[in-house]
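Undergrad: Be aware that the sequence shown starts at 1, since it is given in the UniProt record's numbering, and climbs by one per residue. I am attaching a structure below and will ask some questions about it afterwards.
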Amino acid sequence: MPPATPSDHRGPAGEVTTRTGTSDGIVVVLTGEVDAGLQPQMDAALDAVVRSGGAGGLVVDAEELTYIDSVGVSFLLRLREHTGGGRLTVLGTPPRVRTLLDLIGVTSRFDLHDRI
């Protein structure tokens, strides 16, 4: 049996999608592994947020997120810029993701919740 790779421990391939028309305004949904390979999906989600003008709010659903790299964290920080200077609400933040945000010193920029 070949040795395990980091990808073996993360989870399924990722996806970045948006939902509109919710009581939270626009919801950006992160699932699986969110990394540089999803840059086109991140750009499309950011475009949807910009087009909405922040009307009704902005929330990130990270309940199904299994892994995030520096490109994904940068995406979260860019989303935060569209909250009018407030903290970005991230719902369902997995412990592994919370630890990463703590390690790089950006936790205070987000309103993190363990559950949706």
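C-beta atoms are modelled at their ideal positions from N, C-alpha and C, and glycine is treated no differently. Quick caveat: nothing in here was measured; it's all calculated off a predicted structure.
(1) Measure the Cβ-Cβ separation of Thr107 and Leu100 and say whether it is below 7 angstroms.
(2) Beta strand (DSSP E) containing Gly72: first to last residue?
(3) By the three-class DSSP mapping on this structure, what secondary structure does Val28 have?
(4) Taking the C-alpha atoms as reference points, what is the distance between Ile68 and Arg51?
(5) Can you tell which of Glu63, Val71, His82 and Leu30 has the C-alpha that lies nearest to the C-alpha of Pro95?
(6) Could you check how far apart the C-beta atoms of Glu15 and Gln41 are, in whole angstroms? I think they sit under 8 angstroms.
TA: Let's see:
(1) no
(2) First-last for Gly72: Ser70 to Arg80, but that is the alpha helix (DSSP H), not the beta strand (DSSP E).
(3) strand
(4) 25 angstroms
(5) Glu63
(6) 7 angstroms
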